[in-house]
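Working notes, structure below.
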Amino acid sequence: MKDARSARSAPKATPSKTPFLSDVRELRKRARRHIQQGAVTENYRADRDTVVRVLNEALATEIVCVLRYKRHYFMASGIQAQAVAQEFLEHAAEEQDHADRIAERITQLNGEPNLNPDGLASRSHSEYVEGGSLLEMIREDLVAERVAIESYGEIVRYLGNDDPTSRRLMEEILAKEEEHADDLRTLIETLSAH
Ligand SMILES: [Fe+2]
Ligand SMILES: [Fe+2]
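Sequential numbering of the sequence shown, starting at 924, is according to my numbering.
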């Protein structure tokens, strides 16, 4: 059993050279400088230009996904198409929500959301594939979701602790893409069983 002295001098679980919080007066002073920067303070640790660029790529990915799901929604036909078409429509709406949230975060970082249709497909990580049959459409959507899962996972790891707000946003979106991928796999299994 340790005595009180050795317990006190024991190293903490997460040793840190710098104090957890900055001096409050210094913190307040810093916050007053450059207030036109809004949410971005001097303590913002990430490379802002890179984060904005990466978020714009995620934004393009989401827009391409909205367009692809919309196309698939309108093109879905056949006996089993009703339920699948509804799934496409639901995914399209959720991808649009992702796009909006990413665009909002870009403006918080004093960047500009790139919604220029020129180059949209090349900025996007996932592809716009029309797909012939219902099954082909679902397969293409699943591929696109898997691309998004890979690239968003990378973005989350890149952001690390340097921009926790952007990281949390991308984590939430990543979780949704995983749900989408799972939905699509289930649809493929259901359709293939018929
Ligand atoms: Fe999405
Ligand atoms: Fe998705």
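Glycine is no exception: its CB is placed at the ideal position from the N, C-alpha and C atoms.
These figures come from a predicted structure and were not determined experimentally.
Alpha carbon to alpha carbon, how far is Gln1031 from Glu985? Give it in angstroms, no decimals.
Looking up residue 985 in the sequence shown gives position 62. Looking up residue 1031 in the sequence shown gives position 108. Those two C-alpha atoms are separated by around 19 Å.
Could you give the first and the last residue of the continuous alpha helix (DSSP H) run that contains Glu1100?
Here residue 1100 corresponds to residue number 177 of the sequence shown, with the count starting at 1. Here the alpha helix (DSSP H) through Glu1100 covers Pro1087 to Ala1116.
Where Ala1071 falls, given that 16 or more other Cβ within 10 Å makes a residue buried
Working through the sequence shown from its first residue, we reach residue 1071 at position 148. Buried, by the Cβ-count rule.
At a cut-off of 7 Å, would you count Ala1026 as near ligand 1, judging by its Cβ distance to the nearest heavy atom?
Here residue 1026 is taken as the residue at index 103 of the sequence shown, counted from 1. No.
For Leu1089, does the count of other Cβ atoms within 10 angstroms reach 16, so buried, or fall short, so exposed?
Here residue 1089 is taken as the residue at index 166 of the sequence shown, counted from 1. Sequence inspection shows Ser at residue 1089; the Leu mentioned does not correspond to that position. The residue in question, Ser1089, is buried, as its Cβ has 16 or more Cβ neighbours within 10 Å.
Would you call the stretch 953-963 and the stretch 1005-1020 in contact, with 3 or more CB pairs under 8 Å?
By the Cβ criterion, the stretch 953-963 is not in contact with the stretch 1005-1020, since fewer than three pairs of Cβ atoms, one from each stretch, lie closer than 8 Å.
Compute the distance between the beta-carbons of His1048 and Glu1095, then report whether it is under 8 Å.
One-based indexing of the sequence shown puts residue 1048 at position 125. One-based indexing of the sequence shown puts residue 1095 at position 172. Not in contact: His1048 and Glu1095 (Cβ atoms no closer than 8 Å).
I need the straight-line Cα distance from Arg1046 to Tyr992, nearest angstrom please.
Counting from one through the sequence shown, the residue named residue 1046 turns up at place 123. Counting from one through the sequence shown, the residue named residue 992 turns up at place 69. Straight-line Cα distance between these residues: approximately 18 Å.
Do the CB positions of His1107 and Glu1068 come within less than 8 Å of each other?
Position 184 of the sequence shown, counted from the start, is the residue given in the question as residue 1107. Position 145 of the sequence shown, counted from the start, is the residue given in the question as residue 1068. It is worth fixing the name first, because residue 1107 is Leu in this sequence and not His. Yes, the pair counts as a contact, with Cβ atoms nearer than the cut-off.
I need the residues with a C-beta less than 7 Å from some heavy atom of ligand 1; please give them in chain order.
Around ligand 1, the residues whose beta-carbon falls short of 7 Å from at least one of its heavy atoms are Glu985, Cys988, Glu1017, Glu1018, His1021, Ala1071, Ile1096, Lys1099 and Glu1100, given in chain order.
Determine the DSSP secondary structure at Thr964, reduced to helix, strand or coil.
Residue numbering aside, residue 964 sits at position 41 when the sequence shown is read from its first letter. For Thr964, the secondary structure class from DSSP, reduced to helix, strand or coil, is coil.
Would you mind stating whether Val1007 and Leu1057 have Cβ atoms separated by less than 8 Å?
Here residue 1007 corresponds to residue number 84 of the sequence shown, with the count starting at 1. Here residue 1057 corresponds to residue number 134 of the sequence shown, with the count starting at 1. For Val1007 and Leu1057, yes; Cβs fall inside 8 Å.
From Glu1112 to Glu1073, what distance separates their C-alpha atoms?
Looking up residue 1112 in the sequence shown gives position 189. Looking up residue 1073 in the sequence shown gives position 150. When rounded, the distance between both Cα atoms is 23 Å.
Buried versus exposed, by CB contacts within 10 Å (16 or more), Ala969
The sequence position of residue 969 within the sequence shown is 46, counting from 1. Counting C-beta atoms within 10 angstroms of its own C-beta, Ala969 has 16 or more neighbours from the protein chains shown and is therefore classed as buried.
Please confirm whether any heavy atom of ligand 2 lies closer than 7 Å to the CB of Glu1068.
Within the sequence shown, residue 1068 is the residue found at index 145, counting from 1. Checking the 7 Å criterion, the Cβ of Glu1068 is within range of a heavy atom belonging to ligand 2.
Under the rule that 16 or more other beta-carbon atoms within 10 Å means buried, what is Phe997, buried or exposed?
The sequence position of residue 997 within the sequence shown is 74, counting from 1. Around the beta carbon of Phe997, a 10 Å sphere encloses fewer than 16 other beta carbons of the protein chains shown; the residue is thus reported as exposed.
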